[in-house]
Amino acid sequence: MAMTFESILASIHPNREALSSVRELLLANAMMIGEIPAPTGHEAERITFITNRFTEDGLQNISIDEAGNGMAILPGKSPQKNILVCAHVDTVFHQSVDHAMSVTGTTIMGPGIGDNSLGLASLVTLPEILKRLGIRFDSNIILLGCTRSLGRGDLGGIRFFLDNNKLPLQAGISVEGIQLGRLSYTGIGMLRGEISVSMPSAYDWARFGASGSVAILTKVIQRIMEIPISSQPPTQIIFGSINGGTSFGTRPTSANLRFEIRSEKEGMITELKERIIDITEETENLSEAEIEFSVVAERQTGGLGYGHPIVRSMRKILETLEVKPRVEPSVGELSQLIERGIPSITLGLTRGENKNEFNESIDIRPIFGGLAQLIALLQSIDGGLCDEQ
Amino acid sequence: MSSKIDKWLETNTFHHGEFWDILKLVEEKEKKGLKISLCIPTLNEEKTIGKEIVIFKSELMERYPLIDEFAVIDSGSEDKTLQVAASFGADTYLAADILPEVGDKRGKGENLWKAIYQLKGDIIIYVDADIKNIHPRFVTGIVAPLINNDTIKYCKAFYDRPMAYSTGIRSSGGGRVTEILIRPLFSLFFPELTSLIQPLSGEFAVRREVLEKIPFPIGYGVETAHILDVYREWGLEAFAQCDLDQRIHRNQSTNALGKMSFGILQTFLNRLKSYGMVDKLPEMATIYRQFQAEGNRYEQLTREIVEYERPPMITIPAYREKFGRSETKKD
Chain A
430 MAMTFESILA
440 SIHPNREALS
450 SVRELLLANA
460 MMIGEIPAPT
470 GHEAERITFI
480 TNRFTEDGLQ
490 NISIDEAGNG
500 MAILPGKSPQ
510 KNILVCAHVD
520 TVFHQSVDHA
530 MSVTGTTIMG
540 PGIGDNSLGL
550 ASLVTLPEIL
560 KRLGIRFDSN
570 IILLGCTRSL
580 GRGDLGGIRF
590 FLDNNKLPLQ
600 AGISVEGIQL
610 GRLSYTGIGM
620 LRGEISVSMP
630 SAYDWARFGA
640 SGSVAILTKV
650 IQRIMEIPIS
660 SQPPTQIIFG
670 SINGGTSFGT
680 RPTSANLRFE
690 IRSEKEGMIT
700 ELKERIIDIT
710 EETENLSEAE
720 IEFSVVAERQ
730 TGGLGYGHPI
740 VRSMRKILET
750 LEVKPRVEPS
760 VGELSQLIER
770 GIPSITLGLT
780 RGENKNEFNE
790 SIDIRPIFGG
800 LAQLIALLQS
810 IDGGLCDEQ
Chain B
161 MSSKIDKWLE
171 TNTFHHGEFW
181 DILKLVEEKE
191 KKGLKISLCI
201 PTLNEEKTIG
211 KEIVIFKSEL
221 MERYPLIDEF
231 AVIDSGSEDK
241 TLQVAASFGA
251 DTYLAADILP
261 EVGDKRGKGE
271 NLWKAIYQLK
281 GDIIIYVDAD
291 IKNIHPRFVT
301 GIVAPLINND
311 TIKYCKAFYD
321 RPMAYSTGIR
331 SSGGGRVTEI
341 LIRPLFSLFF
351 PELTSLIQPL
361 SGEFAVRREV
371 LEKIPFPIGY
381 GVETAHILDV
391 YREWGLEAFA
401 QCDLDQRIHR
411 NQSTNALGKM
421 SFGILQTFLN
431 RLKSYGMVDK
441 LPEMATIYRQ
451 FQAEGNRYEQ
461 LTREIVEYER
471 PPMITIPAYR
481 EKFGRSETKK
491 D
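Here the protein sequences come in this chain order: A and B.
When we follow this note's numbering, the leftmost residue of the first sequence carries the number 430, and every step to the right adds one.
When we follow this note's numbering, the leftmost residue of the second sequence carries the number 161, and every step to the right adds one.
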């Protein structure tokens with residue numbers, strides 16, 4: 430008999446308590462995953478670990494696709510529906526970084542433990558968790574470790590999967606290690622761009638008004654900062670990194686800016702992109718420098734409404750756990766799922782600190798509430814309680 | 161000699177990769193009705209102990225029931241070692257509380273010795289608590305040879321110490337104390353034992369029938385004493401060793417290694433005495449034995465090092481003639 434939403438909510442606390450029995454399995458997975466370096470584009474070893482775990486748990490359709498994604502199916506009882514549970518595999522840390530994890534009684538510390546070793550560990554431990562709780566879904570659960578998610582990877586893994594996947598997806602859940610309470614149901618519009626200024630070899634440094642690449646790039650930045658931006662819906666331009674020149678008195682011949690625009694306003698990304706192209710072209714014409722603008726990654730604003738059943742269910746689940754929802758738009762896997770019309774959300778499993786720093790850490794205790802939340806959401810989707818009327 | 165060592169290297173030296181199938185080990189262990197215990201001796205290891213327990217418990221007890229019990233035996237840590245260990249469900253003991261009637265001595269060897277009384281296994285595995293890159297292989301690699309082969313009684317871990325090498329061949333070194341002290345001593349007195357690549361490694365698995373019959377120095381000499389005593393009683397065939405790849409741990413200062421060497425030397429000389437070898441030194445060997453590895457194959461490198469001595473110059477007639485010196489005779 431199908432569960433009611435009330436009975437699902439009522440099972441959250443008992444599940445949370447029961448889940449402490451998988452503590453060592455989950456934490457061992459999180460640490461063993463975390464100790465395998467996986468900078469974007471070099472995720473193969475982590476994917477091997479994950480797919481080995483899928484094999485040990487007797488899952489079906491275990492495979493590694495052309496984009497390097499690792500996936501498996503936990504078969505349902507009457508599999509008319511497929512629910513995707515995904516977590517990104519890559520990290521911001523270079524292979525040479527010391528990836529050793531350390532655990533105290535209450536926390537685990539190490540690069541990438543929250544983003545996203547714990548998320549991945551929940552993915553590979555989920556079959557055992559469900560077995561211990563005696564839960565079997567009607568739907569197939571597709572477990573997917575996504576590669577090339579971050580930075581220049583530009584969600585390459587999930588894009589490839591969604592472009593080539595033949596199974597109809599009822600819903601998607603993107604799992605992040607931190608923060609518990611995270612509730613993302615909209616994809617934020619985003620553009621990652623790079624502006625490179627270089628001086629032509631025939632440039633006349635002696636002429637009046639001649640300036641180097643750094644000064645010209647500064648003018649470009651100044652002009653971008655002068656673009657009027659409304660505060661609501663929020664739009665932000667982040668100048669992430671700048672490089673140029675070699676020394677104090679040497680004329681700089683090249684300079685480079687990396688920036689990211691984020692906007693919740695529909696159409697804003699395209700509008701800003703056009704403005705920036707105008708600025709670079711105009712500055713190029715005035716300065717005789719060569720200015721190149723390239724888009725590294727781009728995605729458009731979109732998402733579910735606050736009242737969508739899947740969002741409403743998540744809010745109730747978090748309320749039951751007495752966790753305040755932190756609504757934030759996502760630039761991750763969620764944006765691709767939403768762009769393809771698959772109702773999806775991103776959630777977090779526990780509290781953590783120093784994300785993407787060498788001393789990144791997570792709290793162990795809240796994880797069990799985070800997992801109970803994931804299970805309750807899967808039960809709600811599986812039971813058809815998140816379908817739009 | 162060399163052919164015996166080469167044969168032993170061929171048959172009794174393993175790589176942990178050979179034992180990736182933990183399920184197979186569990187089946188073999190159950191077929192033979194073996195019970196296996198794991199002991200982690202500790203002293204102020206709060207930074208690394210938690211991870212060791214989580215990973216061993218998860219992978220070697222819950223996922224694959226290879227280990228039947230494991231215990232942390234502590235020498236009296238002043239940090240949170242025992243608290244952290246207990247929080248992840250490990251059985252924790254103070255060495256002083258085990259067999260109180262024999263008294264309490266401080267040292268790692270004491271913990272290893274008392275583990276024989278406290279734990280019930282037919283095989284006891286010892287793993288140090290300071291390993292940063294802990295992984296199930298640190299247990300499976302050293303216990304598998306004992307599970308699979310009844311004649312092996314004592315299996316040691318050895319590690320690939322990362323050294324720059326440009327060809328496929330790399331020198332396989334032990335630690336500094338091994339290379340400077342142990343290997344020269346073994347080359348001189350017990351050449352067969354030079355085939356142990358890292359005789360001092362803190363990870364080893366031993367059958368109870370051996371552990372209960374050998375004495376335990378409580379300090380730095382425990383590993384050396386074990387090797388000498390097991391070798392004397394059961395021969396080289398009783399040993400095996402397993403390559404566990406990299407081990408990351410804190411490095412010790414040269415000062416600390418000096419103390420360690422002093423302790424080891426005491427143990428070694430005591431053994432020479434008790435074996436009646438002090439006034440009956442064997443023919444002094446001149447072959448120094450080291451190892452090199454190519455892939456997972458190890459071979460012995462032997463070098464003849466003869467310390468030829470010249471007499472005092474005064475005994476040479478040409479010298480005396482040139483300088484008008486005469487050889488003075490001692491009374």
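Every residue gets a Cβ at the ideal spot worked out from N, C-alpha and C, and that includes glycine.
Keep in mind that this is a model prediction, so the values were computed, not measured.
Using 10 angstroms around the beta-carbon of Gly395 of chain B, count the other beta-carbons present and answer buried if the total reaches 16, otherwise exposed.
-> Result: exposed.
Contact list for the region 289-321 of chain B against chain A, Cβ threshold 7 angstroms | Lys292 and Asn293
Gly210 of chain B CB to nearest chain A CB: under 7 angstroms?
-> yes
Neighbour-count burial assignment, Ala635 of chain A, 16 or more Cβ in a 10 Å radius | exposed
Can a CB atom of chain A be found closer than 7 angstroms to the CB of Thr327 of chain B?
-> Reliability fails at Thr327 of chain B, whose pLDDT of 47 lies under 50, so the model's placement of it is uncertain and the value that follows must be treated cautiously. Not an interface residue.
Compare the C-beta of Val532 of chain A against all C-beta atoms of chain B and say whether one is closer than 7 angstroms.
-> By this cut-off, Val532 of chain A is an interface position.
Contacting residues, own chain, Cβ-Cβ under 6 angstroms from Gly601 of chain A (five flanking each side not counted) = Leu513, Leu766, Ile771 and Ser773
Return no unless some Cβ of chain B is closer than 7 angstroms to the Cβ of Ala467 of chain A.
-> Not flagged as an interface residue toward chain B: Ala467 of chain A, since no C-beta distance is shorter than 7 angstroms.
Pull up the distance between the alpha-carbon of Glu751 of chain A and that of Phe478 of chain A, whole angstroms please.
-> Rounded to whole angstroms, Glu751 of chain A to Phe478 of chain A spans 35 angstroms at the Cα level.
Which residues bound the alpha helix (DSSP H) around Ala501 of chain A?
-> Taken as a continuous stretch (DSSP letters only), Ala501 of chain A belongs to no alpha helix (DSSP H), being part of the beta strand (DSSP E) at Gly499 to Leu503.
Report the residue from A:Ile542, A:Asn714, A:Pro663 and A:Ala473 whose alpha carbon sits nearest the alpha carbon of Leu778 of chain A.
-> By alpha-carbon distance to Leu778 of chain A, the top candidate from A:Ile542, A:Asn714, A:Pro663 and A:Ala473 is A:Ile542.
Cross-strand partners of Ile571 of chain A (DSSP beta bridge) = A:Ile502 and A:Leu513
What did DSSP end up calling Ser759 of chain A once you bin it into helix, strand or coil?
-> Strand.
Closer than 7 angstroms, CB to CB, is Glu222 of chain B near chain A or not?
-> Yes, Glu222 of chain B lies at the interface with chain A (some Cβ there is under 7 angstroms from its Cβ).
Rounded to whole angstroms, what's the CA-CA distance from Thr338 of chain B to Gln358 of chain B? Just pull it up for me.
-> Taking the straight line joining both Cα atoms gives about 7 angstroms.
Does the count of Cβ pairs from the region 222-236 of chain B and the region 509-524 of chain A closer than 8 angstroms reach three?
-> no
Would you kindly work out how many angstroms separate the C-alpha atoms of Tyr286 of chain B and Tyr391 of chain B, rounded to a whole number?
-> 19 angstroms
Between which two residues does the beta strand (DSSP E) carrying Thr338 of chain B extend?
-> It is not in any beta strand (DSSP E) - Thr338 of chain B carries neither H nor E in the DSSP assignment.
Between Glu817 of chain A and the rest of its own chain, which residues show a CB-CB distance below 8 angstroms, the 5 nearest in sequence each way excluded?
-> Correct list, in chain order: His737, Pro738 and Pro772.
Mind listing the chain B neighbours of Ala529 of chain A? Cutoff is C-beta to C-beta under 8 angstroms, in chain order.
-> Lys292, Asn293 and Ile408
Could you check the C-alpha separation between Leu495 of chain B and Gly193 of chain B for me, to the nearest Å?
-> Missing from the structure shown is residue 495 of chain B; chain B here goes from 161 to 491 and no further.
In terms of DSSP beta bridges, what is Gln765 of chain A paired with?
-> BP columns for Gln765 of chain A are empty, so no partner.
Can you list the residues of chain B that Leu454 of chain A reaches, using a CB-CB cut of under 8 angstroms?
-> Ser218, Glu222 and Arg223
Please determine if the region 667-687 of chain A and the region 615-634 of chain A are in contact, where contact requires at least 3 C-beta pairs separated by less than 8 angstroms.
-> yes
Using a Cβ-Cβ cut-off of 7 angstroms, state whether Ala457 of chain A counts as contacting chain B.
-> yes
At a CB-CB cut-off below 7 angstroms, which residues of chain B make contact with Glu464 of chain A?
-> Asn293
Who pairs with Val626 of chain A in a beta bridge, going by DSSP?
-> Beta-bridge pairing links Val626 of chain A to A:Ala684 and A:Ile720.
Can you find a CB in chain A that lies within less than 7 angstroms of the CB of Lys164 of chain B?
-> Chain A contact via Cβ: absent.
What do you reckon, is the C-beta of Asp519 of chain A under 6 angstroms from a heavy atom of the ligand FMN?
-> The model depicted lacks the ligand FMN and carries no ligand whatsoever.
Proximity of Val532 of chain A and Gly210 of chain B at Cβ, strictly below 7 angstroms = yes
Should Phe589 of chain A and Ala496 of chain A be called a contact, given that it needs their Cβ atoms to be closer than 7 angstroms?
-> yes
Rounded to whole angstroms, how far is the Cβ of Gly534 of chain A from the Cβ of Ser247 of chain B, which I believe are closer than 8 angstroms?
-> 4 angstroms
Please decide whether Ile215 of chain B counts as near chain A, where near means a Cβ-Cβ distance under 7 angstroms.
-> By the rule that beta-carbons nearer than 7 angstroms mark a contact, Ile215 of chain B touches chain A.
From the DSSP output, read off the bridge partner residues of Ile233 of chain B.
-> B:Pro201 and B:Tyr253
Closest by CA to Thr202 of chain B, which one among B:Phe179, B:Asp290 and B:Glu170?
-> B:Asp290
Please report how far the alpha carbon of Leu341 of chain B lies from the alpha carbon of Ile424 of chain B, in whole angstroms.
-> 9 angstroms
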